[in-house]
Ligand SMILES: [Zn+2]
């Protein structure tokens, strides 16, 4: 009997998907949750085993067995790099369902209901991923989701063309298809064509850029203080990292309740502030020992690396470098050994530290000018 070509397509899509997901992980393009992957590994293994028991000799069983192995390989691969969050209630339910299914299978030898139990658990296990993508869709920006969906579709075709077609054969394939496709759609229209998430069209040519370092400079993650921006690629000292944008506000228009880490206003002149842009620059945190600083030149404000930044490092700048006299202050929990505990305006920095920023051209111009005025006054 010749092998169904859709069977080969299904296996290829699934395995290439796992491979691309690992590539994305190495380049910090995806931020999966370890608990989810651990549970998916266990669940896909039980799923593949019960599927094979319900549908002996059905070809899709091989696709699932291979995905279960690949899933375990990804889990091992991501263990060091991914975020750990404790298993959620849904994930605990999923684990319990897997254990119950195994028990049911062993004790009652009823593979069908054991299989159905795990099928129900699959959407529950996707819950944390859906939540994570809703918050920030760049966390799962991998063409793998598209490939897995296409692989599921191919598996569905294989199932319709062979076997005796019953619920036990379709349920798992359909649930997997819906779950993978939902993440694919949530990740964004750019990845509806899985190839598009690898690059963009330039004239007649297709440029594969998303997995070249330059295209993905940042990743958003969480620290003990909330959202933070991480370097997805290395930056050399002096490199421009990102341009700060945002509407300008007069000082008296800045909400007076803005205090501490919720404050996303950057003072750009003695009378003006730049408001939040709604983009990634809003999420860049303060550090008392920053690896970046703000450079003001010709009306634009750019974050510049003050030392080499390795991929995966959090990007941070010192908020005091853009503040003139003001009673603004923030309790700092940056956890650097240099931490000043309370962050205030530029004059609260030590003379040496002020000089350090000035010599690198990393202070707001009005602070430079004021400095020049003081120097002139002193000379007079
Ligand atoms: Zn600090």
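In UniProt numbering, the protein residues as written are 1 to 380.
Note that the Cβ used here is the ideal one computed from N, Cα and C, for glycine as well.
*If you scan the stretch 289-357 from start to end, which runs of the beta strand (DSSP E) of 3 or more residues do you find wholly inside it?*
Listed in chain order, the complete beta strand (DSSP E) runs (minimum 3 residues) inside the stretch 289-357 are 292-297 and 300-305.
*Is it the case that the CB of residue 340 approaches a heavy atom of ligand 1 more closely than 7 Å?*
At a cut-off of 7 Å, the beta-carbon of residue 340 counts as near ligand 1: some heavy atom of the ligand is closer than that.
*Hey, how far is the Cα of residue 132 from the Cα of residue 221?*
Their backbone Cα atoms lie some 11 Å apart in a straight line.
*Hey, how far is the Cα of residue 238 from the Cα of residue 305?*
C-alpha separation (whole angstroms): 5 Å.
_Which residues does DSSP list as the beta-bridge partners of residue 266?_
Under DSSP, residue 266 forms a beta bridge with 274.
*asked:* Quick check: the Cα distance between residue 120 and residue 101, rounded to an integer number of angstroms?
replied: When rounded, the distance between both Cα atoms is 11 Å.
_Cutoff 6 Å; reference residue 257; Cβ partners in own chain excluding five residues on either side_ = A caution first: residue 257 carries a pLDDT of 48, below 50, which makes its placement in the model unreliable, though a value can still be read off. Nothing meets the Cβ criterion.
_Test item: CB-CB of residue 463 and residue 143 under 8 Å_ = No answer is possible for residue 463: the residues shown for the chain start at 1 and end at 380.
*Below 8 Å CB to CB, which residues in the same chain sit around residue 214 once its five sequence neighbours on both sides are set aside?*
Caution applies to residue 214, whose pLDDT of 41 falls short of 50 and renders its modelled position unreliable; the model cannot decide the point.
*Mind checking residue 166: buried by the 16 CB within 10 Å criterion, or exposed?*
Residue 166 is exposed by the Cβ-count criterion.
*asked:* Which residue wins for smallest C-alpha separation from residue 224, given the options 245, 36, 254 and 314?
replied: Comparing Cα positions, the closest option is 314.
*The beta strand (DSSP E) with residue 241 in it runs from where to where?*
Here the beta strand (DSSP E) through residue 241 covers 240-244.
*DSSP three-state call for residue 234: helix, strand or coil?*
Correct three-state label for residue 234: coil.
*In three-state DSSP terms, what is residue 229?*
The three-state reading of DSSP puts residue 229 in strand, counting E and B together.
*Taking one C-beta from the stretch 43-56 and one from the stretch 177-188 each time, how about it: are there three or more such pairs within less than 8 Å?*
Flag = no, the stretch 43-56 and the stretch 177-188 do not touch.
*Express the C-alpha separation of residue 36 and residue 128 in angstroms, rounding to a whole number.*
In this structure, the straight-line span from the alpha carbon of residue 128 to that of residue 36 is close to 7 Å.
*Does ligand 1 have even one heavy atom less than 7 Å from the beta-carbon of residue 288?*
Yes - ligand 1 has a heavy atom lying nearer than 7 Å to the Cβ of residue 288.
*For the alpha helix (DSSP H) that residue 34 lies in, which residues bound it at each end?*
Segment 34-54, the alpha helix (DSSP H) holding residue 34.
*DSSP puts residue 222 in a beta bridge; with which residues?*
The partner list for residue 222 (beta bridge, DSSP) reads 227.
*List the endpoints of the continuous beta strand (DSSP E) containing residue 161.*
Not the beta strand (DSSP E): residue 161 falls in the alpha helix (DSSP H), residues 144-161.
*asked:* So, with DSSP's three-state summary, where would you put residue 89?
replied: Reduced to three states, the DSSP call for residue 89 is helix.
*Exposed or buried, what is residue 24 when buried is set at 16 or more other beta-carbons lying within 10 Å of its beta-carbon?*
With at least 16 other beta carbons inside 10 angstroms of its own, residue 24 counts as buried.
_Opening and closing residue of the alpha helix (DSSP H) in which residue 177 lies_ = Per DSSP, the continuous alpha helix (DSSP H) segment holding residue 177 begins and ends at 167-187.
*Closer than 7 Å by C-beta to residue 112: which residues in its own chain qualify, once you throw out the five before and the five after it? Chain order, please.*
Taking residue 112 as the centre and dropping the five residues before and after it, the same chain places the C-beta of 54 and 168 closer than 7 Å to its C-beta, in chain order.
*residue 312: which of 145, 336 and 229 sits nearest, CA to CA?*
Residue 312 has its Cα closest to that of 229, out of 145, 336 and 229.
_Residue span of the alpha helix (DSSP H) that contains residue 117, given as start and end_ = Here the alpha helix (DSSP H) through residue 117 covers 111-135.
*Endpoints, alpha helix (DSSP H) assigned at residue 63*: That run of the alpha helix (DSSP H) goes 60-78.
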